[in-house]
Every structure is written in C-alpha cells, then in structure tokens.
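Asks: In order, the protein sequence lines correspond to chains D and W.
With the first letter of the first sequence counted as 1, position 111 gets the number 111 in the numbering used here; the numbers rise by one all the way through.
With the first letter of the second sequence counted as 1, position 87 gets the number 202 in the numbering used here; the numbers rise by one all the way through.
Quick one: the structure is below, and I'll ask about it shortly.
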Amino acid sequence: DTAVSQTPKYLVTQMGNDKSIKCEQNLGHDTMYWYKQDSKKFLKIMFSYNNKELIINETVPNRFSPKSPDKAHLNLHINSLELGDSAVYFCASSQGLSGSYNEQFFGPGTRLTVL
Amino acid sequence: QKEVEQNSGPLSVPEGAIASLNCTYSDRGSQSFFWYRQYSGKSPELIMFIYSNGDKEDGRFTAQLNKASQYVSLLIRDSQPSDSATYLCAVNLRGIGDGGSQGNLIFGKGTKLSVKP
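Spelled out as structure tokens, the structure:
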C-alpha cells in the first residue's frame, strides 16, 4: 500500500537517553515533515525537508536533529530526552510546498513516553 | 505571531443535523486552507482544501472561505455518529517574503465534534 509509515509506533524510554524515529513515504512526494502533538492535541510543525534539504526549522531544541538520507525518508533523532518530550510525533509528506501540492498526508504517529 | 483559532468544543449535534465548524486566521497572506479530521488515537486525515473565496462542496462536506474576514468554515450535512472526531483547520502561510516559512502549515487546536445518535 502507498502510505507514510513510521517506526516504532510506541517508544518508552528513560530521561537522558537518545532515541530515533524513522519515517518513510512511498508516495513519490518531494517534501516531508515532522510534527509534535502534545497532550492537549495541539499539532505543531517541527521540521520540513524539500528534496532532502531543510526548509523549515521551527523553534525546537537542538537536541532534535532530523536526517533525510533520500527523498523518501526523514528520520528524527532526539538526544538527552526530557520529560517534556513526551508526545505523539507525526511524520507527513506532500508533493510540494504550496497550494494543492501542500496537501499533507500523515503517518500513523509515534507515541513517545519519557519516564 | 501567526495564528489559527478554533473553538475547542466539544460541539455536540444530533444525528442528521448540520455541524458547523469555524476557523479564523491572522495572516492575510495565507493562500490555502485545509480541514483535517482526527479520530482519537489516530493520525490526521485530509477532508477538504479550499483556495478561493466562496463555497466548495464534496459530498456531505462544504468548505467556505472568506478571505476578507479571514474566516474559513466546514459544514457537515446529515451528521453521523462516525463523524465524531476532532476537526483541525490548517492554513498555508506561504506569503510574499516569508522566506523559510513558505509552505508551513499552521494548525488550529481543533474542534471536538460529537454526533449523538
């Protein structure tokens, strides 16, 4: 099936650990994103990559580092995890950045719990 | 600060009624507008998008855009219990001179809709 997939679906870890979340899309899209959805369900953009290049880097701690090895993949690495990092992280992709090309398709989400 | 505002709800409507979901946005340069539905524990899924002033209909859903008032709405006709979800309004803030913010979707906090049988 064509889709945006993420692994793992659930991630439980201790404070101070380093973890990664992987994202892959087989929709042939040029742009991929990472969003964070907090406990109040507010969905906020973290990063956007277009053709493997960083386009948007919203105000997130530099403990978060995205890596895009190719157009179909955008991974998120988090260093020194903190309690406040607990949230659901969604990967998304779109054909482009503007207009109809910005229709974004979301992955299933990764629920990160930091203990 | 560029913002997208929605009433958090919950908005409760009886089955078969029209549900009206509203959204306002702060940036006049906004170009495109999206409605996403998110069921509890699931990812957002796109329902509709609209770019031009006026109405756009797709089945039971109608999106309405008024750029002068910076207002976008979603009407759901013949509401069904399966429509019960959180509806997220998203705005593409791609505007002239926005630099790195071009293509950035800003989401509202969502309106929780409950359709009672």
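Yeah, the Cβ is synthetic: ideal placement off N, Cα and C, and Gly gets one too.
Model, not experiment: these values are computed from the prediction.
1. Assuming residue 226 of chain W contacts residue 202 of chain W (C-beta within less than 8 Å), just tell me the rounded distance between them.
2. Could you list the residues in the region 148 to 170 of chain W with a C-beta less than 9 Å from some C-beta on chain D, going in chain order?
3. Can you check which of these residues, W:180, W:151, W:118, W:175, is closest to residue 165 of chain W by C-alpha distance?
4. Consider the Cβ of residue 229 of chain W: report whether some Cβ of chain D lies at a distance smaller than 8 Å.
5. Count the other CB atoms, across all protein chains shown, that sit within 10 Å of the CB of residue 115 of chain D; report buried if there are 16 or more and exposed otherwise.
6. Counting only Cβ-Cβ distances shorter than 7 Å, please list the residues of the region 50 to 69 of chain D near chain W, keeping chain order.
7. Is any heavy atom of the ligand ADP found at a distance shorter than 7 Å from the C-beta of residue 28 of chain D?
8. Just to check my reading of the structure: residue 200 of chain W and residue 154 of chain W have Cβ atoms closer than 8 Å, yes? What is that Cβ distance to the nearest angstrom?
9. Can you find at least 3 beta carbon pairs, one from the region 187 to 200 of chain W and one from the region 5 to 21 of chain D, that sit closer than 8 Å?
10. Who are the Cβ neighbours of residue 49 of chain D in its own chain at under 6 Å, not counting the five residues just before and after it?
11. Within its chain, find whatever has a CB closer than 6 Å to the CB of residue 109 of chain D; leave out the 5 residues flanking it on each side and keep chain order.
12. Could you tell me whether any Cβ in chain D is nearer than 8 Å to the Cβ of residue 201 of chain W?
13. Using the C-alpha atoms, what's the distance from residue 78 of chain D back to residue 7 of chain D?
14. Give me the Cα-Cα distance between residue 175 of chain W and residue 132 of chain W, rounded to the nearest whole angstrom.
15. Nearest to residue 61 of chain D by alpha carbon, out of D:72, D:28, D:76, D:55?
Replies: Reading from the atomic positions:
1. Position 111 of the second sequence, counting from 1, holds the residue named residue 226 of chain W. Position 87 of the second sequence, counting from 1, holds the residue named residue 202 of chain W. At roughly 5 Å, the Cβ-Cβ gap stays under 8 Å, so residue 226 of chain W and residue 202 of chain W are in contact.
2. Correct list: 149, 151, 153, 156, 157, 158, 159, 160, 161, 164, 166.
3. Mapped onto the second sequence, residue 165 of chain W falls at position 50. The shortest C-alpha separation from residue 165 of chain W is found at W:180.
4. Here residue 229 of chain W corresponds to residue number 114 of the second sequence, with the count starting at 1. For residue 229 of chain W, the answer is no, since every Cβ of chain D falls outside 8 Å of its Cβ.
5. Start at 1 with the first residue of the first sequence, and residue 115 of chain D comes out as number 115. Exposed is the call here.
6. Answer in chain order: 55, 56.
7. The model depicted lacks the ligand ADP and carries no ligand whatsoever.
8. Within the second sequence, the letter at position 85 stands for residue 200 of chain W. Within the second sequence, the letter at position 39 stands for residue 154 of chain W. Right, their Cβ atoms sit about 5 Å apart.
9. The way I'd put it, the region 187 to 200 of chain W doesn't touch the region 5 to 21 of chain D; fewer than three beta-carbon pairs between them come closer than 8 Å.
10. The residue labelled residue 49 of chain D in the question sits at position 49 within the first sequence. Around residue 49 of chain D: 32, 68, 74.
11. Here the question's residue 109 of chain D lines up with position 109 in the first sequence. Sequence-distant Cβ neighbours of residue 109 of chain D in its own chain, meaning closer than 6 Å and more than five residues away, are 88, 90.
12. Within the second sequence, numbered from 1, the residue matching residue 201 of chain W stands at position 86. Chain D, which has a Cβ nearer than 8 Å to the Cβ of residue 201 of chain W, makes this yes.
13. Translated into positions along the first sequence, residue 7 of chain D becomes position 7. Translated into positions along the first sequence, residue 78 of chain D becomes position 78. Computed Cα separation, rounded: 14 Å.
14. By 1-based counting over the second sequence, the position of residue 175 of chain W is 60. By 1-based counting over the second sequence, the position of residue 132 of chain W is 17. Distance between the alpha carbons of residue 175 of chain W and residue 132 of chain W: 11 Å.
15. Here residue 61 of chain D corresponds to residue number 61 of the first sequence, with the count starting at 1. Nearest to residue 61 of chain D by alpha-carbon distance, out of D:72, D:28, D:76, D:55, is D:76.
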